[in-house]
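If you read the sequence shown in this note's numbering, its first letter stands for residue 11, the second for the next number, and so on. See structure below.
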Amino acid sequence: MSAMTLMNALLRNTYLWRLILILSLIGILFLATTSQPYPIPSSGNDKINHVLAFVQLTLVSRLAWPGARPGILVAVLLGYGLSIELIQGQLPYRYFSLADLLADAVGIAIGCLPWPGVGSRASDRPSAPPAN
11 MSAMTLMNAL
21 LRNTYLWRLI
31 LILSLIGILF
41 LATTSQPYPI
51 PSSGNDKINH
61 VLAFVQLTLV
71 SRLAWPGARP
81 GILVAVLLGY
91 GLSIELIQGQ
101 LPYRYFSLAD
111 LLADAVGIAI
121 GCLPWPGVGS
131 RASDRPSAPP
141 AN
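See the structure below:
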């Protein structure tokens, strides 16, 4: 199997990308709610961390559901970001931040840009019903 064939197979494996998405959502929720120092390297800038996290979530979401409408993915990911902020608003060591939500939106917008190997494929979209 050539490297290109393997790459295409990995890019089309929606079950793998859905698993990665679930693990990413759990990991980001943990990082967003922990009072401990981050156990992984981070940028040191909270807003950049938000942008990077949501670029990653958007790209993985697009790979997990390649035929999904972009508006649906954007709404779900913004809802996830808002949920995190609402949870943080209830924690004594965190706070709700519209600036964080804006950084999430910037990350989502970047993730929605055309990326090589990522995006809706015509073969993955439901076909239109035949015309009568």
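Just so you know, even glycine gets a beta-carbon here, dropped at the ideal spot from N, CA and C.
Return the bridge partner residues of residue i from the DSSP annotation.
i    : result
W125 : V128
Which residue from the options puts its Cα closest to that of residue i?
i    : options               : result
A113 : L88, M11, T44, S12    : L88
A143 : E95, Q100, C122       : Outside the modelled stretch of the chain, which goes from 11 to 142, sits residue 143, for which no answer is possible.
L123 : Y105, F106, V65, P102 : V65
T44  : A13, I32, Y103, W125  : Y103
L33  : V70, M11, P49, M14    : V70
L76  : A13, T15, L26         : Reading the sequence as shown, one finds Pro at residue 76 and not Leu. P76 has its Cα closest to that of L26, out of A13, T15, L26.
State the CB to CB distance for the pair residue i and residue j, rounded to an integer number of angstroms; the pair is presumed to be in contact (CB under 8 Å).
i    : j   : result
A63  : R28 : At roughly 18 Å, the Cβ-Cβ gap does not stay under 8 Å, so A63 and R28 are not in contact.
I111 : L92 : Here the sequence assigns Leu to residue 111, which means Ile is not the residue at that position. With a Cβ gap of about 6 Å, L111 and L92 count as contacting.
V128 : R79 : That pair is no contact at about 15 Å.
L41  : Y48 : 6 Å
Y90  : L35 : 7 Å
Does the segment 103 to 120 come close enough to the segment 73 to 88 that 3 or more CB-CB pairs lie under 8 Å?
yes
Count the C-beta pairs between the segment 54 to 68 and the segment 17 to 27 that are closer than 8 Å, then say yes if the count reaches three, no if not.
no
Could you name each continuous alpha helix (DSSP H) segment of 4 residues or more that falls completely within the segment 29 to 103, going from the start of the chain to the end?
56 to 74, 80 to 99
Should the segment 47 to 55 be regarded as contacting the segment 98 to 107, the criterion being three or more beta carbon pairs within less than 8 Å?
no
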